[in-house]
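Below: one structure, written as C-alpha cells.
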Amino acid sequence: MNEPVHFYSTNRNVPTATLGEALLQGQAADRGLFLPREYPPLSADELGALADRTYPEIAHAVLRRYTAGAFDDATLKRLCEDAYDYDVPLEHVTGRRHLMRLDRGPTASFKDFAARMMASWMSVLMQNEDGELVILTATSGDTGSAVAHAYHGVERVRVVVLFPPDEVSGRQRKQMTTIAGNVTTIAVQGQFDDCQAMVKRAFADPDLASIRLTSANSINIGRLLPQAVYYVYAYVKLAGAIGGRGTRPTLEPIVICVPSGNFGDMMGAVIARKMGLPIERLVIATNANDEVPIFLSTGKYEKIAPSRVCISNAMNVGHPSNLARLVDVYGGWMDETGTVREQPDLEQMRRDIYAVSISDDETRATIRDAFERYGVILEPHGAVGWAGLERYWRECVTDSEPLAVSVETAHPAKFPEEIQATIGVNPETPPSLVGLEERPESYETMPAEYEPFRDLLLKRFQYA
Ligand SMILES: *Cc1c(COP(=O)(O)O)cnc(C)c1O
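So for the sequence shown, my numbering puts the first residue at 1; every next one is plus one.
Take a look at the structure:
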C-alpha cells in the first residue's frame, strides 16, 4: 500500500492535512488552496499496463495513490465502478489530433467526473462524522447541476445551489431545479458574481459558525484529483493504439488541450504530468477572459471584473480560482486576494504551457469548420479548445506531428440554439437529458442581498 499523501495550503500557514481533512474543509483555514505534497509516480510500465483497462480501473489505479489512509482499496474500487458507468469517447479527428468527449455523464458536462467521485468520498467520510455537512455552490450553469446531481440522496449532506436566472439556459436551470430532496436551489436576482459573493461571505461569517459549511467548487482538491484520471486514460488509449503494443511500453509525448475558465480541469492535467504522464505541451484556451494568457506572456496579473460575457458561458471567469495553484506549482505565491506575492518561474511555465485566448467569432468559425471539414459537432467550450489546438499547430508544430487530444467539456445538446444557428444542425439529445422538460421544477427566489441568504441558512440548517 502507498504512504498517505499530505496536502499543504498554497498560503503555507497551516499544517498539512490528510485527504479526508482537505475534502471536508474545502479551502484551507489560512484561505489558501490545498495541493498534494507528493505526486506518486506512474512508471512507464504501469502506464503500459493500463492500456487495455476500463475507465473505472484506470480511475482506481490513479486515485488509489492519493486515497491511502482515507479509503480502503475495495471501497475505492466500488466507488470508481459506481461513478464511472458511462462512455468516455475518444474520437480521431485528423492527422494525429483527437477529441475526448467528457459529456456522457448524468448532467452532460465534464464536471460529472469529479463531482460524482467527490460526493462518494464525502458520503463515506460523513459516516464517521457527527452532524450534517452543508455544501454551498454558486453556479453559472454546469457546476450547480453536476454537484446537485452527484450529492442527491447522499446522507448527512445537504446542498444549496445559487444561480443567476438570466445567465443560465432553460435546460441548465431544469437540471438543477428538478432534483429536490437534499438539494435546495435558489434563483438569485442578480448576476453570477453576486451569487459567488454571497457564498464567499457565508464561508467567512461567524454567525454561521455553528453550521458545517463547505464547498464543492474547484477550490476543493476533491474536484481536481479525479480530473487527472481522464488525461491518463486518453494517453494510455491513444499512445497504445498508435505506437503498437510491443513488449516495451510506448512513452511518446502528447499534447493536451484544455478549454479553461477556473482552470480546475487544467490542474487535473498538471497533476497527471507531475505523476509522470509525458505531456509535451499543455495548451490552455480561454475565451475573451484572457487574464491568464496575458499573465503568461507579460508576467503581470490583472483580474477582469466584471468578467466578459462570451458564448462559452461556463468559462466567463475573470479571476480563476485555481491560478493560485498553478503559480504555486511553478514556485511562486499568489495569495487569496489574487495578488502575486512571489513570481513563479515564468520561463518554465512558457515551456510547459501554451496559452491562447479565442474570441466568440473564432469560436463560431471553429464550430463551422470542424463540422464542414471533419463532420465533428462541437459546442462553444469544446470549440474554444479545438481552436486553441489549431493555433498551436499553426504556430508551433513544424515537421512531425505530435500525438494530441483536445477535450470537449459539454454535450452539444446543452447549447441547441447556438449549434442550430451556426451549422444548421439540431444536436441529438443524449439519454441523460431526455424527459427533462416534463419534470416539475421547484426553487426559491431571493434578492441579491446577503442577509436573507444568511437567515435562510440559519433557519434551515442551524440545528441540523
Ligand atoms: C466549468 C466548465 C469549463 C471550465 O472548466 P474549469 O475547470 O473551470 O477551467 C469548461 N467547459 C464547460 C462546459 C464547463 O462547464
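Here a beta-carbon is modelled for each residue, glycine too, at the ideal position from N, C-alpha and C. All of these numbers come straight from a predicted model, not from anything done at the bench.
Other residues of its chain near residue i: CB distance less than 6 Å, five sequence neighbours each side excluded
i       : result
Ser-260 : Met-266, Ile-284, Thr-286
Pro-447 : Gln-189
Phe-192 : Ser-140, Pro-164, Glu-167
Tyr-301 : Phe-295, Val-340
Val-88  : Tyr-55
Val-199 : Leu-136, Ala-138
Asn-220 : Gly-26
Trp-333 : Arg-341, Glu-342
Counted within 10 angstroms of its Cβ, other Cβ atoms place residue i as buried (16 or more) or exposed
i       : result
Ala-387 : buried
Ser-210 : exposed
Thr-185 : buried
Asn-322 : buried
Asp-328 : buried
Thr-363 : buried
Glu-438 : exposed
Glu-418 : buried
Arg-273 : buried
Cys-396 : exposed
Gln-227 : buried
Tyr-8   : buried
Ser-297 : exposed
Asp-142 : buried
Ser-400 : exposed
Residue i - containing beta strand (DSSP E), residue span
i       : result
Tyr-8   : 7 to 9
Thr-286 : 279 to 286
Tyr-354 : 353 to 357
Ser-215 : 212 to 215
Ser-312 : Counting along the chain, Ser-312 falls outside any beta strand (DSSP E), and DSSP gives it neither H nor E.
Ser-406 : 403 to 408
Leu-99  : 97 to 101
Leu-35  : 34 to 36
Limits of the alpha helix (DSSP H) - the one that residue i falls within
i       : result
Thr-137 : Note, Thr-137: premise wrong, no alpha helix (DSSP H); beta strand (DSSP E) at 133 to 138.
Gln-513 : It is not possible to answer for residue 513, since the shown part of the chain is limited to 1 through 464.
Met-117 : 111 to 126
Leu-296 : 291 to 298
Leu-162 : Where Leu-162 is concerned, there is no enclosing alpha helix (DSSP H), although the beta strand (DSSP E) it sits in stretches over 157 to 163.
Val-327 : 323 to 329
Met-446 : Counting along the chain, Met-446 falls outside any alpha helix (DSSP H), though it belongs to the beta strand (DSSP E) covering 444 to 447.
Ile-423 : 416 to 423
Alpha carbon of residue i to alpha carbon of residue j, nearest angstrom
i       : j       : result
Gly-244 : Val-236 : Here Gly-244 scores only 45 on pLDDT, less than 50, and its place in the model is too uncertain to base an answer on.
Arg-117 : Gly-318 : A quick correction: the sequence has Met, not Arg, at residue 117. Met-117 and Gly-318: Cα-Cα distance of roughly 27 Å.
Ile-242 : Leu-251 : Per-residue confidence for Ile-242 stands at a pLDDT of 39, beneath the threshold of 50, marking its modelled position as unreliable; the derived number appears in the next sentence. Roughly 11 Å separates the two Cα atoms.
Asp-103 : His-411 : 5 Å
Ala-324 : Asn-13  : 15 Å
Val-62  : Leu-35  : 16 Å
Leu-125 : Asp-352 : 36 Å
Lys-414 : Ala-17  : 38 Å
Glu-91  : Glu-21  : 38 Å
Val-292 : Gln-348 : 15 Å
Leu-456 : Leu-42  : 47 Å
Ser-109 : Leu-389 : 20 Å
Neighbourhood of residue i by C-beta distance below 8 Å, restricted to the same chain and skipping five residues each side
i       : result
Leu-436 : Arg-171, Lys-174, Gln-175, Thr-178
Ile-153 : According to the sequence displayed, residue 153 carries Gly and not Ile. Hits under 8 Å: Gly-181, Asn-182.
Thr-94  : Arg-373, Tyr-374
Cβ-based neighbour list, residue i, same chain, cut-off 7 Å, excluding 5 preceding and 5 following
i       : result
Gly-299 : Gln-343, Leu-346
Pro-440 : Thr-178
Ser-307 : Asn-289, Asn-316, Val-317, Gly-318
Tyr-84  : Tyr-55, Pro-56, Ala-59
Asp-73  : Arg-64
Ranges of the alpha helix (DSSP H) found wholly within the stretch 340 to 389, counting only runs of at least 4: 346 to 352, 360 to 374
Ordered list of alpha helix (DSSP H) runs contained in the stretch 49 to 93, each at least 4 residues: 55 to 67, 73 to 83
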